[in-house]
Amino acid sequence: MKKVILVSFLVFTSLIMHAQDQKWSIEANYPLNVSDNLSFGELNGVVDFGIKYRFVQLGAVNIGAGLNAAFLKNHDEWTAGSQEDVDVVNDYKMKKLLIQPKVFAELAIPGFTKLKPQIALGYTIVNDDYYYKSGSNTEVDDNSTDGGLNLNLGLSYDISKRFFLQIQYDYININKKGDTVINGETLRYDYNDNGSLIKAGVGFRF
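Letter by letter, the sequence shown follows residues -19 to -1, 1 to 187 of mature numbering (1 follows the signal peptide of the UniProt record, and there is no 0).
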């Protein structure tokens, strides 16, 4: 079994190293959260992974499709006094998973093809997992999934034939609609939310 895995790995590596069209690329980024609203604003970026496929070349422009997945979170604990003058431990946890399919256009600048600006338009699926406990009372324990449009602007720089550095800006507009339970009471919500991420990372073309 180990020999089969080793041979498969060597064959896959050989195919990648000898591929000439380089229509595929994979990337790993750090998502820096620069949002200033309540839903996104308190979250810290953890990691973002992406894959792209370029299926049409129009002169110096590549048209393709891609998929990114980003994870952000926040966890905070603090102690505060209650009306009974008793210290109460508060526990707050928030996790956000973004799934981002998109179509993009990538330009190889004539005379300086290592530098490639890109623009993308897509849809972001957002899964929120929110938990807040104050003392022995669970105030909020909610999991929801929403979605909305996503605009992406990016710039990559080839450091070799296959490896590249990149930076991207994501603007995300989300319509949040559903029910949540707070202190045992069910409340409905329906509002638009937005977030901004700056993603910096490395990629590999094959």
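The beta carbon of each residue, even a glycine, is placed where N, CA and C say it ideally should be.
Since this is a predicted model, take the numbers as computed values, not measurements.
- Sorting Gly135, Val183, Asn55 and Val84 by C-alpha distance to the C-alpha of Tyr150 places Gly135 at the top.
- Counting C-beta atoms within 10 angstroms of its own C-beta, Ala101 has 16 or more neighbours from the protein chains shown and is therefore classed as buried.
- With a cut-off of 8 Å on Cβ pairs, the stretch 51 to 61 is not in contact with the stretch 83 to 99, counting fewer than three such pairs.
- Cβ-Cβ separation between Val15 and Ile179: approximately 6 Å, consistent with a contact (criterion under 8 Å).
- Asn154 has Asn175 as its beta-bridge partners, per DSSP.
- Ser141 carries a coil assignment under DSSP once its states are collapsed to helix, strand and coil.
- Pairwise C-beta distances place the stretch 98 to 113 in contact with the stretch 123 to 135, as three or more of them are shorter than 8 Å.
- Distances from the alpha-carbon of Ser20 to those of Gly184, Met75, Phe93 and Glu120 put Met75 closest.
- Each of Leu13, Lys4 and Ile7 was checked against the Cα of Ala181, and the nearest Cα belongs to Leu13.
- Collapsing the DSSP output to three states places Phe93 in coil.
- Taking C-alpha positions only, Ile153 is separated from Asn71 by approximately 30 Å.
- Burial of Ala51 is indicated by the presence of at least 16 other C-beta atoms within 10 angstroms of its C-beta.
- Assignment of Gly116 by DSSP, reduced to helix, strand and coil, places it in the coil class.
- If you ignore the 5 residues before and after Glu23, its C-beta comes within less than 6 Å of the C-beta of Asn55, all in its own chain and listed in chain order.
- If you draw a straight line from the Cα of Ile44 to the Cα of Pro82, it comes to about 14 Å.
- Distance from the CA atom of Lys95 to the CA atom of Glu8, rounded to whole angstroms, is 17 Å.
- If you look at Ala9, you'll find it in the beta strand (DSSP E) that goes Trp5 to Asn14.
- Counting every other CB atom within 10 Å of its CB across the protein chains shown gives Arg169 a total below 16, marking it as exposed.
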